[in-house]
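Below is one structure, written out as structure tokens, with a few remarks after it.
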Amino acid sequence: MPHLVVQYSANIEPDFDLTALCRQLCDALSALPDFERGGIRVRAVRCEHFAVADDASDNAFADMVLRIAAGRSAEVKKAAGDALFEVASAFFAPRLDAPHFALSLEIREIMPGTSWKKNTIHPRLQAG
Amino acid sequence: MPHLVVQYSANIEPDFDLTALCRQLCDALSALPDFERGGIRVRAVRCEHFAVADDASDNAFADMVLRIAAGRSAEVKKAAGDALFEVASAFFAPRLDAPHFALSLEIREIMPGTSWKKNTIHPRLQAG
Amino acid sequence: MPHLVVQYSANIEPDFDLTALCRQLCDALSALPDFERGGIRVRAVRCEHFAVADDASDNAFADMVLRIAAGRSAEVKKAAGDALFEVASAFFAPRLDAPHFALSLEIREIMPGTSWKKNTIHPRLQAG
Numbered sequence: 002m003p004h005l006v007v008q009y010s011a012n013i014e015p016d017f018d019l020t021a022l023c024r025q026l027c028d029a030l031s032a033l034p035d036f037e038r039g040g041i042r043v044r045a046v047r048c049e050h051f052a053v054a055d056d057a058s059d060n061a062f063a064d065m066v067l068r069i070a071a072g073r074s075a076e077v078k079k080a081a082g083d084a085l086f087e088v089a090s091a092f093f094a095p096r097l098d099a100p101h102f103a104l105s106l107e108i109r110e111i112m113p114g115t116s117w118k119k120n121t122i123h124p125r126l127q128a129g
Numbered sequence: 002m003p004h005l006v007v008q009y010s011a012n013i014e015p016d017f018d019l020t021a022l023c024r025q026l027c028d029a030l031s032a033l034p035d036f037e038r039g040g041i042r043v044r045a046v047r048c049e050h051f052a053v054a055d056d057a058s059d060n061a062f063a064d065m066v067l068r069i070a071a072g073r074s075a076e077v078k079k080a081a082g083d084a085l086f087e088v089a090s091a092f093f094a095p096r097l098d099a100p101h102f103a104l105s106l107e108i109r110e111i112m113p114g115t116s117w118k119k120n121t122i123h124p125r126l127q128a129g
Numbered sequence: 002m003p004h005l006v007v008q009y010s011a012n013i014e015p016d017f018d019l020t021a022l023c024r025q026l027c028d029a030l031s032a033l034p035d036f037e038r039g040g041i042r043v044r045a046v047r048c049e050h051f052a053v054a055d056d057a058s059d060n061a062f063a064d065m066v067l068r069i070a071a072g073r074s075a076e077v078k079k080a081a082g083d084a085l086f087e088v089a090s091a092f093f094a095p096r097l098d099a100p101h102f103a104l105s106l107e108i109r110e111i112m113p114g115t116s117w118k119k120n121t122i123h124p125r126l127q128a129g
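So the sequences go chain by chain: A, B and C. When you read off a place in the first sequence, starting at 1, and then add 1, the result is the number in this note's numbering. When you read off a place in the second sequence, starting at 1, and then add 1, the result is the number in this note's numbering. When you read off a place in the third sequence, starting at 1, and then add 1, the result is the number in this note's numbering.
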């Protein structure tokens, strides 16, 4: 079930391969014992229009929201967040060394009872 | 007030008319007794960069989030989710028959007291 | 920490400068005593595919979601929402005078304990 959405300011696109970031984040999540690979969907959404802080032209951001089924322990959530944030921090290291970047991650729970899903990848991977 | 956002991996775009999907989902919601047509806003957001499960090149997803005013009964929420998911399942049937697709829907409530709105469509439709 | 995301139907793009809107919203937030300028990230996401209400071709929307750290008072949240909604209402005034537009804003809280961040803009602005 995990969904991870990365929103980013368009001005970082020339310097980073966002598809590669999605892949790294997907691998980091599926390396944890608590998330099945078949359910992981990571994507990045480019934000063409943005305004960050004092509007310095180098200002940029990447903001991640992870949505998971409700009910996991605080430890599991912390481990997932730590793992993802470490990957993203390494990926954006050149920006984090300069004074114009904001990186963030939030975990949100999907409420039980108001969620629907069909996944044809799970059976393929489980059979594999 | 209902907002429905569909995020989808860019690799399904050649095979599906996402505007048609938005229209079908909008019609399904407004056919229910609990949602006024004038307040319904459905949209789809293309995700150019993504990583799904084991990274098989055919892997794709469509993920829907419906936001509605808090306070509706569990029955109303279930009916809305069932109706939307049925439409989306029919729309993506060719993908759901193959082992590379994940379809999902979540309903989230908008908290009372921290919501603002102006809608000039309602009066037009109510007068019509 | 404040994140403000504006989703909008693509049909308003020819008539509005969405980057200018982001800048105005960012300025409005940072003019309040409760939000530090260095943490503000506003962006707009274009929705190419959409269906609004009765599908009249002029129908359009702009929908804002503000995410802030949990724990602020109802008064602070109301002041922030009022300020942002006033800016957006003025910006979209020509549309709000016509019977085809829906404008909305929701405030959501980021749960303590499941949030990670690094911000290299704060120290620069605090030193400035």
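Think of the CB as a built atom: it goes at the ideal place given N, C-alpha and C, for glycine as much as any other residue.
Simplified DSSP assignment, three categories, for residue i
i: B/His123; result: helix
i: C/Phe86; result: helix
i: B/Arg73; result: coil
Residue(s) in a DSSP beta bridge with residue i
i: B/Asp98; result: None; B/Asp98 has no bridge partner.
i: B/Ser10; result: B/Cys48
i: C/Asp56; result: DSSP, once it has assigned bridges, lists no residue as partnering C/Asp56.
i: B/Arg38; result: Per DSSP, none; premise fails for B/Arg38.
i: C/Phe92; result: In the DSSP output, where bridge partners are listed per residue, C/Phe92 has none listed.
i: A/Lys1; result: The shown model of chain A, from 2 to 129, leaves out residue 1 of chain A, and the question about it has no answer.
i: B/Asp64; result: B/Gln8, B/Ser105
Exposed unless 16 or more other CB atoms sit within 10 angstroms - verdict on residue i
i: B/Glu107; result: buried
i: A/Asp64; result: buried
i: C/Ser10; result: buried
i: B/Ala91; result: exposed
i: C/Gln127; result: exposed
i: B/Pro3; result: buried
i: A/Gly114; result: exposed
i: A/Ala29; result: buried
i: C/Pro34; result: exposed
i: C/Pro100; result: buried
i: B/Ala75; result: exposed
i: C/Ala57; result: exposed
i: A/Ala71; result: exposed
i: C/Ala45; result: buried
i: A/Ala103; result: buried
i: A/Ala81; result: buried
Candidates the options: closest to residue i by CA position
i: B/Met112; options: B/Phe17, B/Ala21, B/Arg73; result: B/Arg73
i: C/Ile122; options: A/Ala54, A/His50, A/Asp18, A/Leu19; result: A/Ala54
i: C/Ser105; options: B/Cys23, B/Phe17, B/Gly40, B/Ala99; result: B/Gly40
i: B/Ala1; options: B/Arg38, B/Glu37, B/Val43; result: The question about residue 1 of chain B has no answer here: the residues shown for chain B are numbered 2 through 129.
i: C/Arg125; options: A/Asp59, A/Ala128, A/Lys119, A/Val66; result: A/Asp59
i: A/Phe86; options: C/Lys118, C/Ala84, C/Arg96, C/Asp83; result: C/Lys118
i: C/Leu19; options: C/Ser116, C/Ser31, C/Val88, C/Ala32; result: C/Val88
i: B/Gln25; options: C/Phe51, C/Val66, C/Ala71; result: C/Phe51
i: B/Ala61; options: B/Phe93, B/Leu33, B/Leu5; result: B/Phe93
i: C/Asp98; options: B/Arg109, B/Asn120, B/Gly82; result: B/Asn120
i: B/Glu110; options: B/Ala103, B/Phe102, B/Leu67; result: B/Leu67
i: B/Leu5; options: B/Ala103, B/Lys79, B/Ile69; result: B/Ile69
i: C/Asp16; options: C/Arg96, C/Ala80, C/Ser116; result: C/Arg96
i: A/His77; options: A/Asn12, A/Cys27, A/Phe36; result: Just to set this straight, residue 77 of chain A is Val in the shown sequence, not His. Here the closest residue by C-alpha is A/Phe36.
i: C/Glu14; options: A/Ala32, A/Cys27, A/Glu49; result: A/Glu49
i: B/Gln8; options: B/Lys79, B/Ala84, B/Arg47, B/Cys23; result: B/Arg47
i: B/Lys79; options: A/Lys79, A/Ser116, A/Asp83; result: A/Ser116
N- and C-terminal bounds of the alpha helix (DSSP H) containing residue i
i: C/Ala21; result: 19-31
beta-carbon residue i near the ligand GTP non-hydrogen atom, thresh 7 Å
i: C/Leu30; result: With respect to the ligand GTP, the structure shown offers nothing to examine, as it has no ligands at all.
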